[in-house]
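Single-structure report; data block below.
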Amino acid sequence: MSETKPLHIVAVAYGGWGHIRPLCTLATRLVRLRRATVTLLVSRHVYAKAAAELVRNFEDGEDALQAQIRLAALDAHATDLYDYDVVGAAFAQEYPKLVRGAPMRCAHTHAELPALPPPQALILDLMHYALLPIARAASASIKVLCSGPPSILSTYLLVGTLGSRSGGRTVAEEKIEGYAAQKGLSLREAADAMFNEPPGDVIQAAGLPPMYWYENTPQTPVIQVKLGFSRLLVIKLVNECDAYISSSMECFEPKESVQGFSEFFARTSRKLYLLGPLMPMTKRSDAADAAQAAQSPEIVDFLQNALQKHGERSMVYMSFGTFFWTAHPEKAWAFLDVLMEKKIPFIMSHASQLAHVPDEVKAKVKASGTGLLVPWAPQQAILEHPATGWFVTHAGFNSIVESIYAGVPMICWPFSADQPLNAMHITENLDIAYELFEVRTGPGLKPVHRTGKAPVGTLDAVRAEAAAVLARAFGDDGAQKRERVRRLREAMLEPWQPGGAAWVAGEQLLDSLQ
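All residue numbers for the sequence shown refer to numbering that gives the first Met the number 0, where the first residue is 0 and numbers rise by one.
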């Protein structure tokens, strides 16, 4: 293919790390495919972390490729990841400079990035609708691509029935505006109210078994966060973007979800690009994971001892990510009790700021000699250690992908967002996981559509379910799940091989920009 003028792509990575990390990897994948420069804009608070993540995505000797990515920081709110006032003002100041082909200033280094030709495309995360009007005002001709880190099955459920009409407005906007007028509410209040009211008793996501509406939030939130307006903005960005980039892979998603989401975009002559998996898969990344783990000698020693005393695939790793935590932690301690009774070695990471581990729990775990409680853990290094057999996870999409990449089957404890759908998919469709039901709280204690039964929800019921699931996990059924994970891992490695599905889709995306 003959080369045209070099590509310049701007990407904005702001918010939670689970949204920033895939965009870092995406930037590195794009410069591998084409002579392009990516200007990656991040919050000044994560500049160093993003810089390290970019380095992990390259091999030694690829300095020239790495130089094709320019990292710059925007000013942002110091603590609120969902505040768009500060970062929006910074974007409104700096992005037009890039559009004009002028230098821009980095809020972290305070240095100027040299001028480049105006970009052909801007990549915005799924949550970045607030930046879209600014971008369109700066240039209506630059294509705006939406980057979606969640699974397609969950995103399609949200936007599939609430997407664009022929007039360009979304069904969601029309419904919410009508509701606001009827009730005398602001648009934000109406959005929060409407998204909290179930549209029906049963959710039917494409390619998944049905679930009751309340099962989409099977845990009582520790903090009540109103997300209705944020969901409306996600729908608007998906509706108004020029194309959609998914972090997922066709081998993972239900074919009905991929087909439905593709048809959703095709109705307005747009395209869906599956460019996952978007995580570092380099020798340098493996070395960085090992170096990171080495900074926690207690974890390294525990893993090695578990391997020597109990053998390969004997240990359970437990983590709900960096944000989520249970409003009823006594259920987590009950699960740990079963692990200790069965003398199954475990590491539990309680990284959330919402987590509090009582002293008596710490003392009990330490006295058992079976477990290790840590406020932070090098997740990928633990998952890839030969001692690790199972991952108790909240079923966030990034954690699922990391677990599959490590060849580790899962035990799901979902909270909200895309997690309940992800958990259902990997247990019922892919059959690489179990799901815990007795750990549910609040509305989650109502009947489960799949089983026809309501969880008992007592601590005794939690212990009984944990014992039963662990017995299956470390038996023949678990071995079969592990083999299915192994096969899925092999399929997951193919898309970014030369000529693979993601490689071809990435080429098609870049072709569309030139």
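Cβ atoms here follow ideal geometry from the backbone N, Cα and C, with glycine treated the same way.
Check: On the three-pair Cβ rule with 8 Å, is the stretch 236-255 touching the stretch 211-222?
Finding: no
Check: Using the C-alpha atoms, what's the distance from I399 back to A472?
Finding: A472 and I399: Cα-Cα distance of roughly 17 Å.
Margin query: Using 9 Å as the threshold, is the C-beta distance between L274 and G505 below it?
Written below: The beta carbons of L274 and G505 sit closer together than 9 Å.
Next item on the list: Write down the C-beta distance between A50 and L70 rounded to the nearest angstrom, noting that I regard them as a contact closer than 8 Å.
Entry: 6 Å
Notebook entry, point to check: I think A10 touches I122, with their Cβ atoms under 8 Å apart; what is that distance to the nearest whole Å?
Noted result: 4 Å
Item checked: Local Cβ density within 10 Å of E58, reported as buried at 16 or more and exposed below that -> That one is exposed.
Checklist line | the stretch 425-440 contacting the stretch 180-191, beta-carbon criterion three pairs below 8 Å | finding: no
Checklist line | Coil, strand or helix - F345 by DSSP | finding: For F345, the secondary structure class from DSSP, reduced to helix, strand or coil, is strand.
Check: What are the start and end residues of each continuous beta strand (DSSP E) run of 3 or more residues lying completely inside the stretch 123-174, in chain order?
Finding: With a minimum length of 3 residues, the continuous beta strand (DSSP E) runs that stay inside the stretch 123-174 are 142-147.
Checklist line | Ranges of the beta strand (DSSP E) found wholly within the stretch 23-60, counting only runs of at least 3 | finding: Assignment of beta strand (DSSP E) within the stretch 23-60, counting only whole runs of 3 or more residues, yields 35-42 in chain order.
Notebook entry, point to check: Is the CB-CB distance between M317 and V391 below 9 Å?
Noted result: yes
Margin query: Just to confirm before moving on: does the CB-CB distance between V407 and G395 stay below 9 Å?
Written below: no
Next item on the list: Tell me, please, whether the stretch 476-494 touches the stretch 247-260 by the rule of three or more beta-carbon pairs shorter than 8 Å.
Entry: yes
Margin query: Taking the straight line between their C-alpha atoms, what separation do you get for E262 and K235?
Written below: 17 Å
Notebook entry, point to check: For the beta strand (DSSP E) that contains G71, what are its first and last residues?
Noted result: Looking at the sequence provided, one finds Ala at residue 71 rather than Gly. Its beta strand (DSSP E) spans residues 68-73.
Next item on the list: Out of Q67, W16, Y13, L29, state which residue places its alpha-carbon closest to the alpha-carbon of V503.
Entry: From the listed residues Q67, W16, Y13, L29, the smallest Cα separation to V503 is found for L29.
Note to self: Once DSSP output is grouped into helix, strand and coil, what is the label at K445?
What the structure shows: In this structure, K445 counts as coil in the three-state DSSP scheme.
Next item on the list: Within 10 angstroms of the Cβ of D336, are there 16 or more other Cβ atoms? Answer buried if so, exposed if not.
Entry: buried
Checklist line | Three-state class that DSSP yields for L64 in the structure shown | finding: helix
Note to self: Tell me the rounded alpha-carbon separation between D510 and I141.
What the structure shows: 15 Å
Next item on the list: May I have the straight-line CA-CA distance separating K480 from N195, to the nearest angstrom?
Entry: C-alpha separation (whole angstroms): 36 Å.
Margin query: With DSSP as the reference, identify every bridge partner of A521, one or two as the case may be.
Written below: For residue 521 there is no data in the structure shown, the boundaries of the chain being 0 and 513.
Next item on the list: May I have the straight-line CA-CA distance separating K254 from G368, to the nearest angstrom?
Entry: If you take the alpha carbons of K254 and G368, they lie about 45 Å apart.
Next item on the list: Could you have a look at M0 and say whether DSSP puts it in helix, strand or coil?
Entry: Unreliable positioning characterises M0 in this predicted model, as indicated by a pLDDT of 43, which lies under 50. A coordinate reading is not provided.
Check: Can you find a CB in chain C that lies within less than 9 Å of the CB of W375?
Finding: Among the protein chains of the structure shown there is no chain C, as only one such chain exists.
Item checked: Under 9 Å between C-beta atoms of G15 and L80 -> yes
Item checked: Cutoff 7 Å; reference D417; Cβ partners in own chain excluding five residues on either side -> P149, S150, S153, F396
Checklist line | Sequence-distant residues of the same chain with beta carbon closer than 8 Å to S351, five excluded per side | finding: So the qualifying residues of the chain are F319, G320, T321, F322, F323, W324.
Notebook entry, point to check: Assuming T281 contacts N421 under a Cβ cut-off of 8 Å, what Cβ separation, rounded to an integer in Å, is found between them?
Noted result: Actually they do not touch by this definition, with Cβ atoms about 26 Å apart.
Item checked: Contact set for A380: own chain, Cβ-Cβ below 7 Å, skip 5 residues either direction -> D288, A289, Q291, A292
Next item on the list: Can you have a look at T24 and say buried or exposed, based on whether 16 or more other CB atoms are within 10 angstroms of its CB?
Entry: buried
Item checked: Proximity of I19 and V37 at Cβ, strictly below 9 Å -> no
Checklist line | Beta-carbon proximity of V468 to K330, cut-off 9 Å | finding: no
Check: Of the choices A405, W332, V484, I410, whose alpha-carbon is the least far from that of L372?
Finding: W332
Check: In its own chain, which residues sit with a C-beta less than 6 Å from the C-beta of S1, not counting the 5 before and 5 after it?
Finding: The predicted model places S1 with a pLDDT of 48, which falls under 50 and marks its position as unreliable; any figure quoted below should be read in that light. Hits under 6 Å: none found.
Notebook entry, point to check: Under the three-state reduction of DSSP, which class applies to M103: helix, strand or coil?
Noted result: strand
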